[in-house]
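These notes are about the structure you will find just below.
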Amino acid sequence: MSGRVWKFGDNINTDVLAPGIYIKLPANELATHCLESVDPEFAGNVKKGDYVVGGRNFGTGSSREQAAQVLKLLGVAAVIAPSFGGIFYRNAFNLGLPAIVSAETGEIEDGHRLSIDLAAGKITNKTTGEQLSAEAVPGNLMALIEAGGLVTYLEKKINENR
Amino acid sequence: MALTLAEKIISKACGRDRVTPGEIVTCAVDLAMIHDSGGPRRVKPAMDRLGVGVWDASKVVLVSDHFAPCTDAESANILKLTREWAAEQGVLNFYDQQGICHVVTPERGHLRPGMFAVGGDSHSPTGGAFGCYMFGVGATDMLGILVTGETWIKVPETIRIEWSGRLKTGVSAKDMALKMCAALGMDGGDYQAVQYGGDAVGALDMFERMTLCNMAAELGAQTGLIEPDETTATYVEKAGAEPGNWRQFRSDPDAAYRAVHEFSGSDLTPQVAVPHSPATAADVDMVEKAEIDQFYIGACTGAKLNDLEMAAAVLRGKKIAKGKRLTVAPASTQILNAATKSGVIGTLLDAGAGLLPPGCGACAGYGVGVLAEDEVCLATTARNFQGRMGAGSSKVYLASPYTVAASAVTGRIQDPREVLNI
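In order, the protein sequence lines correspond to chains A and B.
Residues in the first sequence are numbered from 12 upward in steps of one, following this note's numbering.
Residues in the second sequence are numbered from 254 upward in steps of one, following this note's numbering.
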C-alpha cells in the first residue's frame, strides 16, 4: 500500500491546519479548511492513505488538537517531518496519527508515492525507489498507535481493572 | 549529581531522587488547568464513553475565556456545556468569564513554586514565571490527565537564557521575548526547558516575567522557567497561596545545560515582528512603517495590568490617529478592576480606545474584534500566524504595549521612545 505525498514547508502551524475562525464548526467541516491559506487544493483532493511531509517544526503553535484531528479525518496516514511542534507531536499519537521524525525528507517531493514500515522506522519512496530512515517511535507512543489512540488505550486499561 | 530547576521539579513529580534528560517518566500532576475551548466540550464525550470522572476535582482549575463572553448561539452552547460539566464533576475552581486562564490561575492563588502543572493551552508555560514546571497539552492528552492524574514526559535538557543589565524606558519583557524569537527561531527551544535568568530578569515584576515565560511557546520550548525569588513569594502570598519552601527550587550551581545564550537588557530596543511569524522580529527602526487598521492590546501575553499601564503611559493626554481603532481587552476582571480604579482605563478611553470584556478576545480569532480580509493589525499578542486573528488574508504585526499604543497615535508603526520623548 502506498500513498501520495503532499509536501509543505517549515513551521506549518496550527492556525493554518485548523483556522480559529472555523474552530466552532464540527470537526469534519473544519477539516475542509485545513491548510487552505497555504494550499487551497489540499483539503479537497487529499485521499485516504496519503502522506503529509512537512519541513522543520511541523504543527508549531497552539495546543488545539483539531490540527492533528483534521489531518486524521481527511485520511492522512502519517505526517513525516524533520521535527515537530512538541504539543502537536503528542496530540497526533493521542489520536492515532503517526508523526514520524525523519531527517531525510529532502529526498521526498510533492506527488511522490511512499510506503512506511512504522515498527522498523523505514520509509520507502516508491517513486524513486530510495529507502529513507526515520527515528524509531518510542514504545509508549507505539502502544497508542496500536490501540488506535489514547481513548481506546485508556478504555482497555480501565476495563481490565474493572 | 547537580540538577536543573526543571529536573528537580520533574524528579519530585515522578517520585525519584533524580532524572536524566532523554528518559521518559510518568509524573503525578499537581494541577490541571483547562479552558472552555479545549476543556469540557472536548473531553466530555470521551469521559462519558470511559464512564469515569476527574481524578481529583480540587486539582482542576477551569476557566472560560476563549468563547467568553459568547458571541452567538454556538459559543453560548459551548459555555453552557462548560458550566454543566463543572457542576457535574464538582469542579469548584471554576472562573466563568473572569479573564484568561494563564492570568486568572495565578492571580487566584493556584500556582506555587515547585508544582508540576499541565494546562490545556499552548501558552501554559506562563506558569513557569512562578517556578512551576507547567506546559501545554491538547484535549485528549488532558483527558488522560483528568482521569488518571498523571502524564508522561520526556525529561528535557535545560537551555539557559541570561539577560544582563536593565531594560531602558519604553522597552519591556515583550521586546525581550520577540528578540529571543528572532535570535533562536521558533524551534530554538526544541521542546526542551528554557530557564531565564540574569539581572534584567530579576528586576522584572511578576506580570513581566509571565510575558517572558508565556512566549517560551513561541520558542518551541516545552516550558520556560524562572527561579522563584522574593518577588515570586510576595505575589503568591498576596494571591492567597502558601509559597512554601520556595528557596529549594533553583538550579544547582554546577547543573548541566544544553546551551547558555546571553542577551543584553541594557542594549535592547523596541522590537516588531512582521507577518506571519514572531521570529521575524527586528528593531523597530528597521521595520517598514506599515499603515495599520486595528491596534490591539489584549491576550495573556499583552493585557495584564503592567501592559495596560505601559499603554496608558504613552497615551496620557494624547489621541489615537483619525480613522484608526484601538481595541483593549484586559486579561482579567481583577486587572480591569485595578486599572479602572487607578485611572489607567480612563486614560485609554480618553485617548479613543474601545474596550472589550476580559477574555481571549481576537487573539486566536475565536472571540470579538477579529479582522476582515486584507486588514492589518498591530497587536500585543504572542502569535501572528497567517489568518490567526480573523480572515485568511489579514495580517498581524507584533510588538509591546508601548509600541502598539505609540503607533495608534501616529497610525503607523512607531518607535514608542519618540512618543514618550525619551
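Here a beta-carbon is modelled for each residue, glycine too, at the ideal position from N, C-alpha and C.
Please read all numbers here as calculations on a predicted model, not as lab measurements.
Within a 10 Å sphere around the beta-carbon of B:ASP452 sit fewer than 16 other beta-carbons, which makes this residue exposed. The beta carbon of B:GLY450 sits closer than 6 Å to the beta carbons of GLU415 from its chain, once the five residues preceding and following it are set aside; these are given in chain order. For B:TRP338, no Cβ of chain A is located within less than 9 Å of the residue's own Cβ.
Annotation for A:SER94: ARG67, ASN68, PHE69, VAL112 place their beta carbon closer than 8 Å to its own, counting only its chain and skipping 5 residues before and after. Scanning the stretch 531 to 564 of chain B from its first residue to its last, the whole alpha helix (DSSP H) runs of 4-plus residues come out as 552 to 555.
With contacts defined by Cβ atoms closer than 9 Å, A:ARG124 and A:LYS133 do not form a contacting pair. Between the stretch 343 to 361 of chain B and the stretch 567 to 581 of chain B, the count of C-beta pairs closer than 8 Å stays below three; the two stretches do not touch. Taking a beta-carbon distance threshold of 9 Å, B:LYS427 does not count as an interface residue toward chain A. If you ignore the 5 residues before and after B:SER417, its C-beta comes within less than 8 Å of the C-beta of GLY451, ASP452, ALA453, GLU515, PHE516, SER517, GLY518, SER519, all in its own chain and listed in chain order. Taking 9 Å as the threshold, the shortest C-beta distance from A:ASN39 to chain B does not fall below it. Non-local C-beta neighbours of B:ALA255 in its own chain, meaning closer than 6 Å and more than five positions away in sequence, comprise ASP505, ASP507, ALA508, ordered along the chain.
Counting only runs of 4+ residues, the alpha helix (DSSP H) found wholly inside the stretch 332 to 382 of chain B occupies 354 to 360, in chain order.
Per DSSP, the unbroken beta strand (DSSP E) holding B:THR279 starts and ends at 277 to 281. Residues VAL282, ALA285, VAL371, THR404 of the same chain have their beta carbon placed closer than 6 Å to that of B:ILE398, with the five preceding and five following residues left out of the count.
Secondary structure at B:ALA470: helix, using DSSP grouped into helix, strand and coil. Counting other Cβ atoms within 10 Å of its Cβ, A:GLU76 reaches 16 or more and is therefore classed as buried.
The count of Cβ pairs closer than 8 Å, one atom from the stretch 550 to 567 of chain B and one from the stretch 624 to 636 of chain B, reaches three, so the stretches are in contact.
Non-local C-beta neighbours of B:PRO293 in its own chain, meaning closer than 7 Å and more than five positions away in sequence, comprise LEU334, THR335, TRP338, ordered along the chain. Excluding residues up to 5 positions away in sequence, LEU41, ARG75, GLN77 lie with their Cβ nearer than 8 Å to the Cβ of A:ILE34 in the same chain.
In the same chain as B:ALA543, and ignoring 5 residues on each side of it, the C-beta atoms closer than 7 Å to its own belong to VAL629, TYR650, ARG665, ILE666, in chain order. Residue pairing for B:THR404: DSSP places it in a beta bridge opposite B:CYS280. With respect to chain A, the C-beta atom of B:GLY551 has no partner C-beta closer than 9 Å.
For a Cβ distance threshold of 9 Å, residue set LYS35, LEU36 of chain A lies close to B:GLU327, ordered along the chain.
By the rule that beta-carbons nearer than 9 Å mark a contact, B:PHE369 does not touch chain A. Non-local beta-carbon contacts of B:ALA470 in its own chain, meaning distances under 6 Å to residues more than five positions away in sequence, involve SER375, HIS376, PRO378 in chain order. The beta carbons of B:ALA604 and B:GLY643 sit no closer together than 9 Å. The C-beta of A:PRO149 comes closer than 9 Å to at least one C-beta of chain B.
A direct Cα-Cα distance of roughly 33 Å separates A:PHE53 from B:GLU541.
No Cβ of chain B is located within less than 9 Å of the beta carbon of A:GLY159. For A:LEU165, the neighbours in chain B by C-beta distance under 9 Å run, in chain order, ALA299, LEU303, VAL305, LEU396, GLY397, VAL400, THR401. Below the 7 Å Cβ cutoff, chain A contributes ASN24, ASP26, VAL27, GLY72 as neighbours of B:PHE638, in chain order. The beta carbon of B:VAL672 is closer than 7 Å to those of VAL567, ALA659, VAL662 in its chain, skipping five residues each way along the sequence. The residue from B:ARG500, B:LYS594, B:LEU602, B:ASP428 with its alpha-carbon nearest to that of B:GLN524 is B:ASP428. Taking C-beta separations shorter than 6 Å and ignoring five residues to either side along the sequence, the partners of B:GLU260 in its chain run VAL272, following chain order.
Within the stretch 256 to 272 of chain B, no residue places its CB atom closer than 7 Å to a CB of chain A.
Listed in chain order, the positions of the stretch 98 to 119 of chain A with a beta carbon within less than 7 Å of a beta carbon of chain B are ILE98, ARG101, ASN102, ASN105, LEU106.
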